[in-house]
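Counting in my numbering, the sequence shown runs from 20 upward without gaps. No residue lacks a Cβ here, since even glycine has one placed at the ideal position from N, Cα and C. Below: one structure, written as structure tokens.
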Amino acid sequence: MEMTPRKLKILQAIINDYVRTAEPVGSRTLAKQMDMKISPATIRNEMSDLEEMGYLSHPHTSAGRVPADKAYRLYVNSMMGKVAVPDDDKELIRQELKADIDEFDKTIERAAELLSEITNLASFAISPAQDEDKIAYIDLLPINKRQVILVIVTESGRTSNTMIRLNEPYTEEQLRILAKNMTVDYRSKTLTDVLKSDIIRDFKTDLNALSKIADNVMPNFMKTLSDMLDVHLYFDGLSNIFDLPEFSNMDRAKNFVQIFDKKEEFTKTLLNRDNGMIVTIGTENPEDDLIDCSLITATYEVDGKFAGKIGVIGPTRMRYGEITSIVQYLTDNLSSKFKLREDDGHGDDDG
Numbered sequence: 020m021e022m023t024p025r026k027l028k029i030l031q032a033i034i035n036d037y038v039r040t041a042e043p044v045g046s047r048t049l050a051k052q053m054d055m056k057i058s059p060a061t062i063r064n065e066m067s068d069l070e071e072m073g074y075l076s077h078p079h080t081s082a083g084r085v086p087a088d089k090a091y092r093l094y095v096n097s098m099m100g101k102v103a104v105p106d107d108d109k110e111l112i113r114q115e116l117k118a119d120i121d122e123f124d125k126t127i128e129r130a131a132e133l134l135s136e137i138t139n140l141a142s143f144a145i146s147p148a149q150d151e152d153k154i155a156y157i158d159l160l161p162i163n164k165r166q167v168i169l170v171i172v173t174e175s176g177r178t179s180n181t182m183i184r185l186n187e188p189y190t191e192e193q194l195r196i197l198a199k200n201m202t203v204d205y206r207s208k209t210l211t212d213v214l215k216s217d218i219i220r221d222f223k224t225d226l227n228a229l230s231k232i233a234d235n236v237m238p239n240f241m242k243t244l245s246d247m248l249d250v251h252l253y254f255d256g257l258s259n260i261f262d263l264p265e266f267s268n269m270d271r272a273k274n275f276v277q278i279f280d281k282k283e284e285f286t287k288t289l290l291n292r293d294n295g296m297i298v299t300i301g302t303e304n305p306e307d308d309l310i311d312c313s314l315i316t317a318t319y320e321v322d323g324k325f326a327g328k329i330g331v332i333g334p335t336r337m338r339y340g341e342i343t344s345i346v347q348y349l350t351d352n353l354s355s356k357f358k359l360r361e362d363d364g365h366g367d368d369d370g
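Encoded structure:
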């Protein structure tokens, strides 16, 4: 059976109406809406053909039709077109992401929050594994006689602050010397390379007191570096899903929440997706928990290299054109923020 221009126009009208209303679309509704002089009977015949071709499904409780995954795929591939991001949303993204540019993780987390706010869907973002990130400097900040804050800053702008309890009292001069030595030894080395070195041995100095401080600091330093290598997954906007009619059924809502409970599995799903703008719809998703959902991801860059992913998850009844445009604009903005300048290694502040 052939996909004729008339069938295509009817299919697009059904998708547009269903995305807007979440109600099955009947032939009489289409006949009133469409600018073609086609009778409801002819439209019903075309809808039956589209159902037979796998583009529509027919809910048992309604005379109308709803788009199938195959219809949404055709829509995303060849119908939706490019939708302009509203100026207010652009300004919000530019201003909000600019505020935390020197704090990598906070910027990524805020990006996920913004995506949820703008799309009214559940959003997520993953920060990249930091195995190629390099140390910029290390500092030790005094709190009291037995506690200090270990600060590690990488060249990408990522910062980690860890409180350490010391077995021996210290002087600020000792902290300054130890932090300076650590910075000199490890600046411009990747986190992975530093972890491979014999850190404890490196810091056994002739200063007995300094050596005792190092005994406390260095294991924490190694643990912090290991934590910084991990991929971080941020979620936001889960409550948005419960406002959608698709998830008014408690069992279906429960299944959706389980996606977020299985954080490790979902992270692997995201990491295994290709780079760039990727849209998977319903049964295209290999995971059983995602067969009723659409997943949209895009990749942001750090210094021109693919780094992490950000996107949204929601029902297959989704405003694909608008949402892909918003996701793309946000990731482009992130990439521009994380484009390192050669002179100081900080993010580009241009909007």
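In chain order, what residues of the same chain lie with their CB nearer than 8 angstroms to the CB of residue 70, ignoring the 5 residues before and after it?
-> As a working mapping, residue 70 is identified with position 51 in the sequence shown. If we look at residue 70 and ignore the five residues flanking it on each side, its Cβ neighbours are 76, 77, 84.
Residue 158 in three-state terms, based on DSSP | Position 139 of the sequence shown holds residue 158. In the structure shown, residue 158 sits in a strand (DSSP, three-state: E or B).
Give the single residue among 350, 60, 197 whose Cα lies nearest to the Cα of residue 325.
-> Locating residue 325 in the sequence shown gives position 306, where the first residue counts as 1. Among 350, 60, 197, the Cα nearest to that of residue 325 is on 350.
Return yes when the Cβ of residue 185 is within less than 9 angstroms of the Cβ of residue 166, no when it is not.
-> Here residue 166 corresponds to residue number 147 of the sequence shown, with the count starting at 1. Here residue 185 corresponds to residue number 166 of the sequence shown, with the count starting at 1. Yes; because the gap between Cβ atoms is below 9 angstroms, this pair is in contact.
Contact set for residue 30: own chain, Cβ-Cβ below 7 angstroms, skip 5 residues either direction = As a working note, residue 30 is residue 11 in the sequence shown. Excluding positions up to five away in sequence, the list reads 69, 74, 90.
May I have the straight-line CA-CA distance separating residue 181 from residue 355, to the nearest angstrom?
-> Reading the sequence shown from its first residue, position 162 is the one you call residue 181. Reading the sequence shown from its first residue, position 336 is the one you call residue 355. Cα to Cα, residue 181 sits roughly 29 angstroms from residue 355.
According to the Cβ coordinates, are residue 175 and residue 322 closer than 9 angstroms?
-> Working through the sequence shown from its first residue, we reach residue 175 at position 156. Working through the sequence shown from its first residue, we reach residue 322 at position 303. The answer is yes: Cβ separation under 9 angstroms.
Where does residue 128 sit, in a helix, a strand or coil, going by DSSP?
-> Your numbering for residue 128 matches position 109 in the sequence shown. The answer is helix: DSSP assigns residue 128 an H, G or I state.
If you run the structure through DSSP and keep just helix, strand and coil, what is residue 174?
-> By one-based count along the sequence shown, residue 174 stands at place 155. In this structure, residue 174 counts as coil in the three-state DSSP scheme.
Indicate whether residue 346 and residue 315 have their beta-carbon atoms separated by less than 9 angstroms.
-> The count along the sequence shown starts at 1 and reaches residue 346 at position 327. The count along the sequence shown starts at 1 and reaches residue 315 at position 296. Going by C-beta atoms, residue 346 is nearer than 9 angstroms to residue 315.
What's the C-alpha gap between residue 158 and residue 319?
-> Counting from 1 along the sequence shown, the entry for residue 158 is found at position 139. Counting from 1 along the sequence shown, the entry for residue 319 is found at position 300. Going by the C-alpha atoms only, they are around 29 angstroms apart.
Pull up the CB-CB distance for residue 342 and residue 138, whole angstroms please, since I reckon it's below 8 angstroms.
-> In the sequence shown, the residue the question calls residue 342 occupies position 323. In the sequence shown, the residue the question calls residue 138 occupies position 119. That pair is a contact at about 5 angstroms.
If residue 143 sits next to residue 290, beta carbons under 8 angstroms apart, how far is it from one beta carbon to the other, in whole angstroms?
-> Position 124 of the sequence shown holds residue 143. Position 271 of the sequence shown holds residue 290. Wrong, their Cβ atoms sit about 12 angstroms apart, outside the cutoff.
List the endpoints of the continuous alpha helix (DSSP H) containing residue 340.
-> Counting from one through the sequence shown, the residue named residue 340 turns up at place 321. It spans 339 to 356 - the alpha helix (DSSP H) in which residue 340 sits, taken as one unbroken run.
Kindly list the residues whose CB is nearer than 7 angstroms to the CB of residue 124, restricted to its own chain and excluding five residues on each side of it in sequence; keep chain order.
-> Here residue 124 is taken as the residue at index 105 of the sequence shown, counted from 1. Closer than 7 angstroms at Cβ, skipping near neighbours: 146, 177, 251.
Going by other Cβ atoms of all chains shown within 10 Å of its Cβ, with 16 needed for buried, is residue 352 buried or exposed?
-> Within the sequence shown, numbered from 1, the residue matching residue 352 stands at position 333. Classification of residue 352: buried, given that the 10 Å Cβ count is 16 or more.
Which whole-angstrom value is the C-beta distance of residue 259 and residue 141, which I expect to be below 8 angstroms?
-> Taking the sequence shown and counting its residues from 1, the one referred to as residue 259 is at position 240. Taking the sequence shown and counting its residues from 1, the one referred to as residue 141 is at position 122. Between residue 141 and residue 259 the Cβ distance is about 6 angstroms, and since that is below 8 angstroms, they are a contact.
Going by DSSP, what residues sit across from residue 103 in a beta bridge?
-> In the sequence shown, residue 103 corresponds to position 84, counting from 1. For residue 103, which the question treats as bridged, DSSP gives no partner whatsoever.
Neighbour-count burial assignment, residue 261, 16 or more Cβ in a 10 Å radius | Taking the sequence shown and counting its residues from 1, one reaches residue 261 at position 242. Under this definition residue 261 is an exposed residue.
Residue 357 versus residue 305: straight-line alpha-carbon distance, rounded | For the purposes of this step, residue 357 is taken as the residue at position 338 of the sequence shown. For the purposes of this step, residue 305 is taken as the residue at position 286 of the sequence shown. Going from the Cα of residue 357 to the Cα of residue 305 covers about 32 angstroms.
In three-state terms, what does DSSP make of residue 333?
-> Numbered from its first residue, the sequence shown carries residue 333 at position 314. Residue 333 falls in the strand class under three-state DSSP.
Identify every residue that forms a DSSP beta bridge with residue 316.
-> Here the question's residue 316 lines up with position 297 in the sequence shown. BP columns for residue 316 point to 297, 330.
Could you tell me how far apart the beta carbons of residue 196 and residue 243 are, in whole angstroms, since I believe they sit closer than 8 angstroms?
-> What you label residue 196 is simply residue 177 of the sequence shown in a count that begins at 1. What you label residue 243 is simply residue 224 of the sequence shown in a count that begins at 1. Not a contact, Cβ separation roughly 20 angstroms.
Counterpart residues of residue 213 in DSSP-defined beta bridges | Mapped onto the sequence shown, residue 213 falls at position 194. The partner list for residue 213 (beta bridge, DSSP) is empty, contrary to what the question assumes.
Local conformation of residue 324 per DSSP, three classes | The residue labelled residue 324 in the question sits at position 305 within the sequence shown. Collapsing the DSSP output to three states places residue 324 in a strand.
Hey, could you find the ends of the beta strand (DSSP E) residue 145 is sitting in?
-> As a first step, residue 145 is located in the sequence shown; it is residue number 126 there, counting from the start. Where residue 145 is concerned, the enclosing beta strand (DSSP E) stretches over 141 to 145.
Alpha helix (DSSP H) segments (min. 4 residues) lying fully within the segment 24 to 55 | DSSP runs (the alpha helix (DSSP H)) wholly in the segment 24 to 55: 24 to 40, 46 to 52.
In chain order, what residues of the same chain have a beta carbon less than 7 angstroms from the beta carbon of residue 153, not counting five sequence neighbours either side?
-> Position 134 of the sequence shown, counted from the start, is the residue given in the question as residue 153. Around residue 153: 173, 174, 207, 208, 209.
Label residue 198 either buried or exposed according to how many other C-beta atoms from any shown protein chain fall within 10 Å of its C-beta, with 16 as the threshold for buried.
-> Within the sequence shown, the letter at position 179 stands for residue 198. Label assigned to residue 198: buried.
Best match in 93, 263, 271, 286 for proximity to residue 339 [C-alpha to C-alpha] | As a first step, residue 339 is located in the sequence shown; it is residue number 320 there, counting from the start. The option with the nearest alpha carbon to residue 339 is 93.
Can you tell me which of 58, 134, 201 puts its alpha carbon nearest to the alpha carbon of residue 156?
-> Counting from 1 along the sequence shown, the entry for residue 156 is found at position 137. Looking only at 58, 134, 201, the smallest Cα-Cα distance to residue 156 is reached by 201.
Where does the unbroken beta strand (DSSP E) through residue 253 begin, and where does it stop?
-> For the purposes of this step, residue 253 is identified with residue 234 of the sequence shown, where counting begins at 1. First-last of the beta strand (DSSP E) with residue 253: 252 to 255.
For residue 38, which of 53, 99, 79 has the nearest alpha-carbon?
-> The residue labelled residue 38 in the question sits at position 19 within the sequence shown. Per the Cα distances, 99.
Do residue 235 and residue 265 come within 9 angstroms of each other at the CB atom, strictly closer than that value?
-> For the purposes of this step, residue 265 is identified with residue 246 of the sequence shown, where counting begins at 1. For the purposes of this step, residue 235 is identified with residue 216 of the sequence shown, where counting begins at 1. Their beta carbons are not under 9 angstroms apart, which means residue 265 does not touch residue 235 by this criterion.
For residue 27, verify whether its CB is less than 8 angstroms away from any heavy atom of the ligand FAD.
-> What this structure holds is no ligand at all, so the ligand FAD is not there to describe.
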